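Protein chains: 2
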Amino acid sequence: MNRNFDFVSDKRLEGQLDFIIEIDKLKNIARKSMVFDGSHFENDAEHSWTISVLAILLREYANFNVNIEKVIIMLLIHDIVEVYAGDTFLYSAKRSAAHIEEEKSAEKIFGFLEEDQKEYFLSLWKEFEERKTNEAKFATVFDRLEPLVQNYMTQGGTWKKYNVTYQMVIDKTSHIQEGSKEIWDFVKKLLQVCVERGYLAKEE
Amino acid sequence: MNRNFDFVSDKRLEGQLDFIIEIDKLKNIARKSMVFDGSHFENDAEHSWTISVLAILLREYANFNVNIEKVIIMLLIHDIVEVYAGDTFLYSAKRSAAHIEEEKSAEKIFGFLEEDQKEYFLSLWKEFEERKTNEAKFATVFDRLEPLVQNYMTQGGTWKKYNVTYQMVIDKTSHIQEGSKEIWDFVKKLLQVCVERGYLAKEE
């Protein structure tokens, strides 16, 4: 392992600093969808920022009380595992295989930290992935919502490019309603508009 | 004003959605320094993500108890005003003029939201700018720390490019100690190493 901060005598701090250097690689991991103005493919760091702000902005629409601090921290770190595992498209058949890779990746990346912090981040990441707690359900809303709005803003974006249909989108995003019925109502309307405007294909 | 979501009948939600589209412009606002691996100039969204994660990661080094939720939200939104005002280099003589521009910009960008949310974000942004509360002091640590580490990782980066000296850096960053004495100790060591390695000029 590369020691970037060999002049630091405190091993705990050195690990924390090396961790922040390592996760910076997210800025070079491109996602499938473009930022709202279509100027470039979004990277994982930009994505994590947007969905964290979305959670703060739209917290009033949660189906239940949530610990918003936990929701934000989950969202800020949820993609860190992609530093080694890379981004996998939501509609890819390789999503299950990807998950195994991500678990290995999580052990490795959070392993830069001492045991207490490693466990703290690992457990938050697992909680997010399992989508069982209120915080995880609400956090997931924004991870799903952002690309939908991106595809709307870019007149179909990845849907057109990868032949994604209305029903496929519904199947992969309907659990938004478990975190927020109001946001799910918005999404249904959004998808309807996308079909009407020809951004998203619907089988007759 | 462009109505991106004209099919949404709820004006509050429509404003929130337009706000998230508008602040996405931060992803096209380049900062002066490069990401840690030197691959590209960092944009404001990437920067906001990194310093938010840094605050979570290094919270144990705060000089006092902090409300970390507030610290993170401050950091996530602190640069949103640059959507209209642009980024100003820390060592620029135009920093005061820039601040007036930023206040106008803040009114405009948070004006997308209804009064309660506008006031919430405006007051958090002002609290951060004034650096008086514990949360603002601690949040500022990371806004200052990241470019220092970036310049270290890129063998001098913007310091060399703009002839920034050791004393100028000390003058502009020494208030890190108001938020975290331990991180300030690290920064002093880091700057010393930078001088020794020729990344940063020190007057004799």
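Just so you know, the protein sequences line up as chains A and B, in that order. All residue numbers in the first sequence are consecutive under the working numbering, ending with 204. All residue numbers in the second sequence are consecutive under the working numbering, ending with 408. Virtual Cβ for every residue (Gly too), placed ideally from N, Cα, C. Given the structure is predicted, the values throughout are model-derived calculations rather than measurements.
Taking 8 Å as the threshold, the shortest C-beta distance from B:LEU262 to chain A falls below it. With a 10 Å radius around the Cβ and a threshold of 16 neighbouring Cβ atoms, B:LYS298 comes out exposed. Straight through space, the alpha carbons of B:LEU349 and B:LEU317 are spaced by roughly 31 Å. In the DSSP assignment, A:ALA93 is bridged to no other residue. If the five residues before and after A:ASN67 are omitted, its C-beta is found closer than 7 Å to the C-beta atoms of GLU135, all from its own chain and listed in chain order. Note on B:GLN220: 16 or more other CB atoms within 10 angstroms of its CB, so buried under the neighbour-count rule. In the structure shown, A:GLU42 falls within a strand segment according to DSSP collapsed to helix, strand and coil. At a cut-off of 8 Å between beta carbons, B:VAL397 contacts chain A. The residue from B:LEU326, B:ASP320, B:ARG207 with its alpha-carbon nearest to that of B:GLU306 is B:LEU326. A:SER52 sits away from A:PRO147, with the two beta carbons spaced by 8 Å or more. The C-alpha of A:ALA139 is placed about 29 Å away from the C-alpha of A:ARG197. Taking the beta carbon of B:SER252 as reference, the chain A residues within 8 Å of it are TRP49, listed in sequence order.
When A:LYS132, A:GLU42, A:PHE89, A:THR154 are compared, the shortest CA-CA separation from A:LYS172 is found for A:PHE89. The beta carbons of A:ASP79 and A:LEU26 sit closer together than 8 Å.
Judged by pairs of C-beta atoms under 8 Å, the stretch 72 to 87 of chain A touches the stretch 37 to 47 of chain A, as three or more such pairs exist. Per the C-alpha coordinates, the member of A:LYS202, A:PHE186, A:GLU203, A:THR158 positioned closest to B:ASP210 is A:PHE186. Annotation: Cβ neighbours of B:ASP228 in chain A (cutoff 8 Å, chain order): VAL35, PHE36, ASP37, THR50. Per the C-alpha coordinates, the member of B:ILE380, B:TYR324, B:SER213 positioned closest to B:VAL345 is B:ILE380.
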